[in-house]
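Protein chains in written order, with numbering that gives the first Met the number 0: chain B, 0 to 137; chain S, 0 to 137; chain A, 0 to 137; chain H, 0 to 137. Backbone N, C-alpha and C define an ideal beta-carbon position, used for all residues, glycine too. Notes for the one structure printed next.
Number of protein chains: 4
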Amino acid sequence: MLDQSPTLPFVWPVRVYYEDTDAGGVVYHSRYLNFMERARTEWLRAAGIEQDQLRKQQGLIFAVSKAALEYRAPARFNEQLLVEISAVSARRVTMNLQQKIINAADQRLLCLAEIQIACVDSRQLRPRAIPQYVLELV
Amino acid sequence: MLDQSPTLPFVWPVRVYYEDTDAGGVVYHSRYLNFMERARTEWLRAAGIEQDQLRKQQGLIFAVSKAALEYRAPARFNEQLLVEISAVSARRVTMNLQQKIINAADQRLLCLAEIQIACVDSRQLRPRAIPQYVLELV
Amino acid sequence: MLDQSPTLPFVWPVRVYYEDTDAGGVVYHSRYLNFMERARTEWLRAAGIEQDQLRKQQGLIFAVSKAALEYRAPARFNEQLLVEISAVSARRVTMNLQQKIINAADQRLLCLAEIQIACVDSRQLRPRAIPQYVLELV
Amino acid sequence: MLDQSPTLPFVWPVRVYYEDTDAGGVVYHSRYLNFMERARTEWLRAAGIEQDQLRKQQGLIFAVSKAALEYRAPARFNEQLLVEISAVSARRVTMNLQQKIINAADQRLLCLAEIQIACVDSRQLRPRAIPQYVLELV
Chain B
0 MLDQSPTLPF VWPVRVYYED TDAGGVVYHS RYLNFMERAR TEWLRAAGIE QDQLRKQQGL
60 IFAVSKAALE YRAPARFNEQ LLVEISAVSA RRVTMNLQQK IINAADQRLL CLAEIQIACV
120 DSRQLRPRAI PQYVLELV
Chain S
0 MLDQSPTLPF VWPVRVYYED TDAGGVVYHS RYLNFMERAR TEWLRAAGIE QDQLRKQQGL
60 IFAVSKAALE YRAPARFNEQ LLVEISAVSA RRVTMNLQQK IINAADQRLL CLAEIQIACV
120 DSRQLRPRAI PQYVLELV
Chain A
0 MLDQSPTLPF VWPVRVYYED TDAGGVVYHS RYLNFMERAR TEWLRAAGIE QDQLRKQQGL
60 IFAVSKAALE YRAPARFNEQ LLVEISAVSA RRVTMNLQQK IINAADQRLL CLAEIQIACV
120 DSRQLRPRAI PQYVLELV
Chain H
0 MLDQSPTLPF VWPVRVYYED TDAGGVVYHS RYLNFMERAR TEWLRAAGIE QDQLRKQQGL
60 IFAVSKAALE YRAPARFNEQ LLVEISAVSA RRVTMNLQQK IINAADQRLL CLAEIQIACV
120 DSRQLRPRAI PQYVLELV
């Protein structure tokens, strides 16, 4: 079960550009994963964690190890979206995040996701414990 | 439960180019969804179904409505991958596919996915019954 | 020759995420075109022009008809970039823009581009005159 | 001026999938650069040059240093394209390639490009001489 941290939900705005859409007229389904990673990056940054530093100084990166997405409604060109991190739970090596993508204009839920992130070393990509200060910050 | 069709597994080769990788040195996690859609498109084509014709003639498109991915091992630049459709089950509006991404050189399983595709009309993106001839072909 | 409009340069910030990078450790070369289009979209928005409205109401879209890029220095993961529109000239059907991508931290020029945009109708993609109010706004 | 090598033109087929298109119904303009890089990668491979080996063994990568593109006609979802390398000239550090993207069905020229590739070391991305055996092979 996911804990509700006092700093959550974290919300990051994303605008839909042509690059994000496909010939069906809507945002291409894999792009939601990109949007969700932008939000996770900014959420870590807001907590003081810069991932390029984490990599240089500790040789650690976060990699997506599982993702489950439900597409509820399409997003379209030029729409303003909100990418939300609504819940986080952490174990030794992995974090589970619940993420939502919402249409900013009418608050409709467009996409609901459970994302599992694993902490791995940047060379071998082998599992490593999430640093204690990261756990405390998030 | 997924049925095992006589035409499955369907396998589509994909080469990893720089565009598919990220600064972690591995294929970016959302790209696997792109690779899986290429395989589904070619699987439909192999069955005689051209999606541009399906859209023009019947106003129908297939949209991903759910996706669940497990990332088991990374793929790297220049590797040859095999994208497999190993099982398919269909209902009136949706199809569920089991898809795998495999390293062609050593047959390691890199990514395992369950993808749900919904048949929708191309304008409103409302659910529509999958045409009977599509169900028979797949 | 390009005119220097009083509203220029227009600057739009872009953060480099993993999705933008490749296994060489730097931003993938075609992504700069994506960043430049984001800046053009926001520049038009700042001038009161929403491209989804332009399409719905007038059946017009802007399409890139020429692009010339010089890559001077690489951008890397997590860097903050500034995408600049430094000069614009317009003819009946096309606009020429000079765009720059700059590292926000040290102001280094990373990429210099000349982009030609053509106004086309959204169905046939045939050349059409740029609306007068667009010319006045930009 | 570009030399006409006996091994040219090199042609690589590319199929247009949904991921390549945008809400304008056509291939997104930056994707042509991706397609052209796929063709260059396969052209080097056909000459016996594997870029992952070049990097591991010699610490060298090829980076795009200039690109000039003319978009003549749009490509659409599901179309079969041919990506051509029609001419190559080499200097000590850079290669200039003329590349074309053609609609396979009717041979229409869709995009014409001049691409400059620089040989750089994989760590600092500083210019390095193209290895002699690469020059001989291409």
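Query raised in the report: What's the call for GLY47(S), buried or exposed, on a 16-neighbour Cβ count within 10 Å?
Result: The residue given as residue 47(S) occupies position 48 in the second sequence. Classification of GLY47(S): exposed, given that the 10 Å Cβ count is below 16.
Requested in this report: Can you have a look at TYR31(A) and say buried or exposed, based on whether 16 or more other CB atoms are within 10 angstroms of its CB?
Outcome: Residue mapping note: residue 31(A) aligns to position 32 of the third sequence, counting from 1. Under this definition TYR31(A) is a buried residue.
Query raised in the report: Any idea what DSSP makes of GLN98(S), helix, strand or coil?
Result: Residue mapping note: residue 98(S) aligns to position 99 of the second sequence, counting from 1. Reduced to three states, the DSSP call for GLN98(S) is strand.
Report task. Answer yes or no: does any C-beta atom of chain A fall closer than 8 Å to that of GLY23(S)? Result -> The residue labelled residue 23(S) in the question sits at position 24 within the second sequence. So, interface residue.
Report task. Examine chain A for any beta-carbon lying closer than 8 Å to the beta-carbon of TYR132(B), and answer yes or no. Result -> Numbered from 1 along the first sequence, position 133 holds the residue referred to as residue 132(B). No - not a single Cβ of chain A is within 8 Å of the one on TYR132(B).
**Report entry** Exposure label - ARG44(B); buried when at least 16 CB within 10 Å
**Finding:** The residue given as residue 44(B) occupies position 45 in the first sequence. Exposed, because fewer than 16 other Cβ atoms sit within 10 Å of the Cβ of ARG44(B).
Query raised in the report: Is the CB of MET0(B) under 8 Å away from at least one CB in chain A?
Result: As a working mapping, residue 0(B) is identified with position 1 in the first sequence. Confidence is the limiting factor: at MET0(B) the pLDDT is only 40, short of 50, which leaves the residue's position unreliable, though a coordinate-based value still follows. Put simply, the CB of MET0(B) is far from chain A, with every gap to its CB atoms at 8 Å or more.
**Report entry** Span separating the alpha-carbon of ILE114(H) from that of ASN33(A)
**Finding:** Here residue 114(H) corresponds to residue number 115 of the fourth sequence, with the count starting at 1. Here residue 33(A) corresponds to residue number 34 of the third sequence, with the count starting at 1. About 18 Å.
Query raised in the report: For ARG120(S), which of helix, strand or coil comes out of DSSP?
Result: Position 121 of the second sequence holds residue 120(S). A small correction: the amino acid at residue 120(S) is Asp; Arg does not occupy that position in the sequence shown. Three-state result, ASP120(S): strand.
**Report entry** 7 Å CB neighbourhood of PRO8(A) in its chain, flanking five on each side removed
**Finding:** On the third sequence, residue 8(A) is found 9 positions in, with the first residue counted as 1. The answer, listed in chain order, is GLU83, ILE84, SER85.
Query raised in the report: Name the chain B residues that come within less than 7 Å of ALA38(S), Cβ to Cβ?
Result: Locating residue 38(S) in the second sequence gives position 39, where the first residue counts as 1. In chain order: nothing, as chain B lies at least about 14 Å away.
Report task. Going by DSSP, name the residue or residues bridged to LEU59(S). Result -> For the purposes of this step, residue 59(S) is identified with residue 60 of the second sequence, where counting begins at 1. In DSSP, LEU59(S) forms a bridge with ASP120(S).
Requested in this report: For GLN106(A), name the three-state secondary structure that DSSP assigns.
Outcome: As a first step, residue 106(A) is located in the third sequence; it is residue number 107 there, counting from the start. DSSP places GLN106(A) in coil when its eight states are reduced to three.
Query - Rounded Cβ spacing between VAL92(H) and ALA117(H) (contact assumed at less than 8 Å) - result: Your numbering for residue 92(H) matches position 93 in the fourth sequence. Your numbering for residue 117(H) matches position 118 in the fourth sequence. At roughly 6 Å, the Cβ-Cβ gap stays under 8 Å, so VAL92(H) and ALA117(H) are in contact.
Requested in this report: Have a look at ALA74(S), GLY58(S), GLN98(S) and flag the residue whose alpha-carbon is nearest the alpha-carbon of VAL25(S).
Outcome: Start at 1 with the first residue of the second sequence, and residue 25(S) comes out as number 26. Nearest C-alpha to VAL25(S): ALA74(S).
Query raised in the report: Rounded to a whole number of angstroms, what is the C-alpha to C-alpha distance between ILE129(S) and TYR70(A)?
Result: Working through the second sequence from its first residue, we reach residue 129(S) at position 130. Working through the third sequence from its first residue, we reach residue 70(A) at position 71. Rounded to whole angstroms, ILE129(S) to TYR70(A) spans 48 Å at the Cα level.
Query raised in the report: Helix, strand or coil: how does DSSP classify TYR70(H) here?
Result: Counting from one through the fourth sequence, the residue named residue 70(H) turns up at place 71. TYR70(H) falls in the strand class under three-state DSSP.
Query raised in the report: Using a beta-carbon distance below 8 Å, is PHE9(H) in contact with chain S?
Result: By 1-based counting over the fourth sequence, the position of residue 9(H) is 10. Chain S, which has no Cβ nearer than 8 Å to the Cβ of PHE9(H), makes this no.
**Report entry** Neighbour-count burial assignment, GLN98(H), 16 or more Cβ in a 10 Å radius
**Finding:** Residue numbering aside, residue 98(H) sits at position 99 when the fourth sequence is read from its first letter. Buried: at least 16 other Cβ atoms inside 10 Å.
**Report entry** GLU78(A) at chain S interface by Cβ criterion, 8 Å
**Finding:** If you number the third sequence from 1, residue 78(A) lands on position 79. Closer than 8 Å: no.
Requested in this report: Give the straight-line distance between the Cα atoms of ARG122(B) and LEU136(A), rounded to the nearest whole angstrom.
Outcome: For the purposes of this step, residue 122(B) is taken as residue 123 along the first sequence, with counting starting at 1. For the purposes of this step, residue 136(A) is taken as residue 137 along the third sequence, with counting starting at 1. Their Cα atoms are separated by approximately 51 Å.
Requested in this report: Output the distance between the C-alpha atoms of TYR17(A) and VAL13(B), rounded to the nearest integer angstrom.
Outcome: The residue you call residue 17(A) lines up with position 18 of the third sequence. The residue you call residue 13(B) lines up with position 14 of the first sequence. Approximately 16 Å, taken between the alpha carbons.
Query raised in the report: Under a CB-based cut-off of 8 Å, is TYR27(S) close to chain A?
Result: Taking the first residue of the second sequence as 1, we reach residue 27(S) at position 28. Taking Cβ atoms only, chain A reaches closer than 8 Å to TYR27(S), which makes this a yes.
Query raised in the report: Is the shortest distance between the beta-carbon of TYR70(B) and the beta-carbons of chain H less than 8 Å?
Result: One-based indexing of the first sequence puts residue 70(B) at position 71. Judged by the 8 Å Cβ criterion, TYR70(B) is not in contact with chain H.
Query raised in the report: Is the Cβ of GLU135(B) closer than 8 Å to any Cβ of chain A?
Result: To locate residue 135(B), count along the first sequence from 1; it is residue 136. No, GLU135(B) does not count as interfacial toward chain A.
Query raised in the report: How would you call GLN52(H), buried or exposed, if buried means at least 16 neighbouring beta carbons within 10 angstroms?
Result: Position 53 of the fourth sequence, counted from the first residue, corresponds to residue 52(H). By the 10 Å Cβ count, GLN52(H) comes out exposed.
Report task. Alpha carbon to alpha carbon, how far is TYR132(A) from ALA38(S)? Give it in angstroms, no decimals. Result -> Here residue 38(S) refers to the residue found at position 39 when the second sequence is read from its first residue. Here residue 132(A) refers to the residue found at position 133 when the third sequence is read from its first residue. Their Cα atoms are separated by approximately 46 Å.
Report task. With 8 Å as the limit, tell me which residues of the region 98 to 125 of chain A have their beta carbon closer than that to any beta carbon of chain H; keep them in chain order. Result -> SER121, LEU124
Query raised in the report: Looking at GLY58(B) and ILE60(S), is the spacing between their C-beta atoms short of 8 Å?
Result: Here residue 60(S) refers to the residue found at position 61 of the second sequence. Here residue 58(B) refers to the residue found at position 59 of the first sequence. Contact: no.
Report task. Let me know the secondary structure DSSP gives ARG54(H) once reduced to three states. Result -> Within the fourth sequence, the letter at position 55 stands for residue 54(H). Looking at ARG54(H) - three-state DSSP - the assignment turns out to be helix.
Query raised in the report: Taking 8 Å as the CB-CB limit, is GLU18(S) close to chain A?
Result: Taking the second sequence and counting its residues from 1, the one referred to as residue 18(S) is at position 19. With 8 Å as the cut-off, GLU18(S) counts as an interface residue toward chain A.
Query raised in the report: Using a C-beta cutoff of 8 Å, does LEU32(B) count as contacting chain S?
Result: Residue mapping note: residue 32(B) aligns to position 33 of the first sequence, counting from 1. True, the Cβ-Cβ gap to chain S drops below 8 Å.
Query raised in the report: Quick one, which of ALA89(A), ASN95(A), ALA72(A) has its alpha-carbon nearest CYS110(A)'s?
Result: Against the third sequence, residue 110(A) aligns to sequence position 111. The residue with the shortest Cα to Cα distance from CYS110(A) is ALA72(A).
Query raised in the report: Counting only beta-carbon atoms, is PRO73(B) nearer than 8 Å to chain A?
Result: Residue mapping note: residue 73(B) aligns to position 74 of the first sequence, counting from 1. Cβ-Cβ to chain A under 8 Å: no for PRO73(B).
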